[in-house]
Amino acid sequence: MKRWFPPWPAIPLAVYLGVLLLGPLVALAVTSLWTADLFQVSRDPTLANYQLLLDRPLYAGLILKSLSLGLVVALVTVPLGFIAAYALVFAFPRSSGVLLGLFMVSMLSSYLVRIYAWKAILGPSGVINLALVSLGLIDEPLSFLLYGNFAVVVTLVHILLPLALLPIYAAMGNIEPQVLEASRDLGGGMLYTLTNVLIPLARPGLVAAFLFCFVLASADYVTPQLVGGSDGVMIGRVIADQFGFSGNAPLGAALAITLLAGFGGALAVFALLGNGVGRVARAASVLTRARRHCWRLRLPLLRAAMGAILVFLYAPLVIVVVVSFNTSTSGILPLKGLTFDWYDKLLRDAVFHEAIRASLVVAVAAVVGATSIGGPAAFMIARRRFVGRGALLALTFGPLVLPGIVIGVALLAALGSLGRQGGLWPTAIAHVLVCLPFVVMVLRARLKDFDRQVEDAGRDLGSSPARVLRTVTLPIMAPTIIGAAILVFGVSLDEFVVTNFIIGANATIPTMIWGMMRIGVTPTANALAALILVVSLVLVVLASWVARGRSGRALVGGLR
Amino acid sequence: MARPDRTGHVTVEGASKVFDGTAAVDDVSLEVRAGEFLTLLGPSGCGKTTLLRMIAGFERPTRGRVLIGGRDVTGDPPEFRPVNMVFQRYALFPHLNVERNVAYGLLARGEDGHAVARKVGAALALVDMAGFAHGPVRQLSGGQQQRVALARALVNEPEVLLLDEPLAALDLQLRKRMQVELRAIHRRLGTTFIYVTHDQGEALAMSDRVAVMNRGIVAQIGTPEETYHRPRSRFVAGFVGEGSFVPCTVRGSVGEDRVVALDGSDRTIQAPASADAPSSGAASLLVRPERASITGTEKGLVVGRVVDLMFTGAVRRYLIAASGTEIKVDLADPGPWRVDDTVGVDWAIDGAVVVGPE
């Protein structure tokens, strides 16, 4: 029986998302109707900004370029994620826990550090160039490796691969292995089984992964700035600039709204194309059924692919850790000697101390806020049926699916229209928003396989509902709740894309790294990056230990 | 070297399958005749499913060979074998409707549309599911899914149909009905059926021959009557059918038979023996409940006390404590005996088998 009104524990979540997600988006839309001239904003509504976008093909071209880059990244990342998920679920199920943990560590290790690590690999004095020079293959470092679309694509694939893996893994986990055997038994070859059974059944996960990759890659503004060089200017960077030193927030808002519209259009086109491609692939697959050796080569090939993927995910991180001990002041390779000086210098830096304090304040606020708002709501979403439950769930996923830049500038626009500045508290509020999907996902996944008979047993043995909650439900859920809290803590510590817009005059650890990285590669930044990696690793290990290895699976389960 | 007269014939030669150092199937050799209904029967973990999966091609034997229709298929993947399988939990494709599930194998082979439509229609009619062709498989009941899975396998006209505990998930009434239907379909098509089950009643009722498996080996292969009445080991005697094991001592042999004395009694009995029956010393006498009867104390082979009696519908079952065990006796006509009465238990001369001791 459906209730017409949401149960009260779900109301704070609905209100929070309504006010702090939808509200700022409305503020963004309103702002886009204003005009700015030399930092003077006129609040008379006009479509002038949109007219400007139509008049100058530069902007439309930039949006198109960003969308195509996002498409390329998605087309590379999703198949890689598919291969990794297949290996985890069907080929090496016994090692899936560890492998999934490795992907989680990679996902939670700092976003900025990973971009930065690719600079250390592809850069003029990076690993690849050094190797080529020392082998005598080239005389001068190749500059095209860094500062170009190639570097942007490689870096974004690296960043998005774990995120693409999760929904595909979740979807594949729902496929009965026997169904694949049935296909083979009925004469389906490898390609036939792939196109007719595996891909159709994993489709929801593939679509989600594609959506994540396409949207997040298209709108990324940090990667192009760091490794994109002059031909790597993307729409995200232009939007960020409008809200930054260009000082034309209304134009930036109009660009952000246009970008969202562009996503809508592009996804509609993809949806139409996708069905056609599927039909052609299924028809073509019949012709390939006589490939007798495909299945036999499957395991060695998958093992090699998984190895390559893990090297791809971890090599950059390892390099950052290694160079953080390098005595060279250039901050990159070659290794000259080992030292702890950079750590020493960092740890005595007052700015660093202040950034740690700010990050901790925000992270603790994010943990308390997200668990206390998201937790009760997750119970209601998992257990009750009420009008608007689906809508609330969709809204909860909003902060995950919307590109960070849009959330960031929307919050900034909202602050602007209230006449406020950024700062620590706006940042904390934004982090709660960004972390809510994680809390709801993780708890909901665990609640799905919660045996409610133990609660009935508690009632039957004479406990009141409140006492059952306190003595039965919460103790059983405690590891999951703590695991979710640790995850949120990690996400908040690493959050940069949104924070960058609304941190104001303060600095968190990521915004401090950003400051260092814009100046150039410095050895202290390497040391900081290495420290952050260690913290991420500790958090993931802690979370999976508390949740008894379930946090990864739980997170994944929530995506189903 | 496929010889047409071997079509439907399956040979397993010295096949073993080792998982992590333990042999799930240990040097099994088996001949399945064309058109036969053979059941692999055994407790869970006995290797019956692994053996079936070796025939299907999902497990590669660690040692040994598998021949289907006279052709060595040991190295062939499942999609190249002329067999089809009905999976334990049906494994229907959840994204396809009934008709497309059944058509899957034909389409994978690249058969043309008219032939596919005709064969799918016939297969669905065979399993009485013609009315469900366009429905989604998710909404079907367990029994209906079972029928679709059967049609999906049979439509490909396999030389051998493999069935992995196909009725295990169904309730008792439906299971009984499906047993009858499966036998009817087997008779009609003449396809070789290899059927895996842990339910000995099902195995006896359905099969031409039963291969009783235990710990990776075939303990006995024979007709249902042979495995029931002439078990080759104590394990087979205990696993197939019901019975009581009365402790006894072997006193001597007469041909294949043994002469045994029941514990606590001077009387000797001559009875056929299983392969594991000792030639002297402690043994057990298998007594089937329907071959035993209750008599006066002086006429019985053993004397005991009635412990319990249960009404089971067709018969009344008596549990009688005697000779250090509980003997089950099934009587169609209820006698006057009550709990705690002292009675004699008798059985037909050929109604017992000497098997190994406990």
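Chains F and E are the protein sequences, given in the same order. Residues in the first sequence are numbered consecutively from 531, following my numbering. Residues in the second sequence are numbered consecutively from 65, following my numbering. All C-beta atoms, glycine included, are put in the ideal place defined by N, C-alpha and C. From a predicted model like this one, the values you see are computed outputs, not experimental measurements.
- Task: Report yes if the C-beta distance between V964 (chain F) and V984 (chain F) is below 8 angstroms; otherwise report no.
- Result: no
- Neighbour list for Y616 (chain F) in chain E, Cβ cutoff strictly below 8 angstroms: Neighbours of Y616 (chain F) on chain E: none; closest Cβ ~17 angstroms, over 8 angstroms.
- Item | Cutoff 8 angstroms: G808 (chain F) Cβ touching any chain E Cβ | no
- Where Q243 (chain E) falls: helix, strand or coil (DSSP): helix
- Query: Mind pulling the alpha helix (DSSP H) runs of 4 or more residues that sit fully within the region 764 to 801 of chain F?
  - Reply: 765 to 773
- Residues in the region 70 to 101 of chain E having any Cβ partner in chain F nearer than 7 angstroms: none
- Message: Taking its Cβ as the centre, do 16 or more other Cβ atoms sit within 10 Å of F793 (chain F), making it buried, or is it exposed?
- Response: buried
- Query: What are the start and end residues of the beta strand (DSSP E) that includes L104 (chain E)?
  - Reply: F101 to L105
- According to DSSP, what are the bridge partners of G408 (chain E)? E:T359 and E:V367
- Smallest Cα separation from L1072 (chain F): which of F:V894, F:H961, F:I1012 and F:D761? F:I1012
- Where does M193 (chain E) fall in DSSP's three states? coil
- Determine, using beta carbons only, whether P230 (chain E) and V282 (chain E) come nearer to each other than 8 angstroms. no
- Message: Within 8 angstroms, do at least three Cβ pairs link the region 224 to 238 of chain E to the region 105 to 124 of chain E?
- Response: yes
- Looking at the structure shown, is E163 (chain E) part of a helix, part of a strand, or coil, going by DSSP? helix
- Close Cβ partners of R127 (chain E) (< 8 angstroms) along its chain, the five nearest in sequence each way excluded: G78, A79, S80 and D91
- Task: Enumerate in chain order the residues of its own chain whose CB-to-CB distance from I698 (chain F) is below 7 angstroms, with the five nearest sequence positions on each side excluded.
- Result: G611, F612, A615, A732, G735, L736 and A739
- Give a yes or no on whether the minimum CB-CB distance between Y259 (chain E) and chain F is below 8 angstroms. no
- Query: Helix, strand or coil: how does DSSP classify C965 (chain F) here?
  - Reply: helix
- Task: Return no unless some Cβ of chain F is closer than 8 angstroms to the Cβ of P133 (chain E).
- Result: One detail in the question is off: residue 133 (chain E) reads as Gly in this sequence, not Pro. False, the Cβ-Cβ gap to chain F never drops below 8 angstroms.
- Is it right to say W411 (chain E) is buried, meaning 16 or more other beta carbons lie within 10 angstroms of its own, or is it exposed? buried
- Item | Within-8 angstroms CB hit, P830 (chain F) to chain E | no
- Query: If you check the beta carbons only, do L802 (chain F) and P554 (chain F) fall under 8 angstroms apart?
  - Reply: no
- Would you call L387 (chain E) buried or exposed, if buried means 16 or more other Cβ atoms sit within 10 Å of its Cβ? This sequence places Ser at residue 387 (chain E); Leu is not what is there. Its Cβ being crowded by 16 or more others within 10 Å, S387 (chain E) is buried.
- What residue from E:T361, E:G305, E:G328 and E:R294 has the CA that sits closest to V445 (chain E)'s CA? Given a span of 65 to 422 for chain E in the structure shown, any question on residue 445 (chain E) remains unanswerable.
- Task: Output, in chain order, the set of chain F residues within a Cβ distance shorter than 7 angstroms of A446 (chain E).
- Result: Because chain E here runs from 65 to 422, residue 446 (chain E) falls outside it and cannot be looked at.
- Message: L558 (chain F) and L786 (chain F) - do their beta-carbons sit closer together than 8 angstroms?
- Response: Residue 786 (chain F) is actually Ala in this sequence, not Leu. Closer than 8 angstroms, so yes.
- Query: Between F:A908, F:I705, F:L925 and F:V643, which lies nearest to F620 (chain F) when the distance is taken from Cα to Cα?
  - Reply: F:I705
- Query: Checking contacts by CB at 8 angstroms: is A233 (chain E) closer than that to chain F?
  - Reply: no
- Query: Is any beta-carbon of chain E found at less than 8 angstroms from that of P697 (chain F)?
  - Reply: no
- Message: For the pair the region 593 to 602 of chain F and the region 804 to 813 of chain F, tell me if three or more CB-CB distances fall below 8 angstroms.
- Response: no
- Message: Against chain E, does G611 (chain F) count as a neighbour if the rule is that its beta carbon must be under 8 angstroms from one of theirs?
- Response: no
- Task: Could you say which of F:D874, F:G918 and F:D879 lies nearest to M1042 (chain F) if we only look at CA atoms?
- Result: F:D879
- Measure from the C-beta of V1109 (chain F) to each C-beta in chain E and report whether the shortest distance is under 8 angstroms. For residue 1109 (chain F) there is no data in the structure shown, the boundaries of chain F being 531 and 1090.
- From the beta carbon of L736 (chain F), is the nearest beta carbon of chain E less than 8 angstroms away? no
- Task: Would you mind reading off the limits of the alpha helix (DSSP H) that contains Y259 (chain E)?
- Result: Here Y259 (chain E) belongs to no alpha helix (DSSP H); instead the beta strand (DSSP E) covers T256 to T261.
- Query: Where do the ends of the beta strand (DSSP E) carrying S80 (chain E) lie?
  - Reply: V74 to F83
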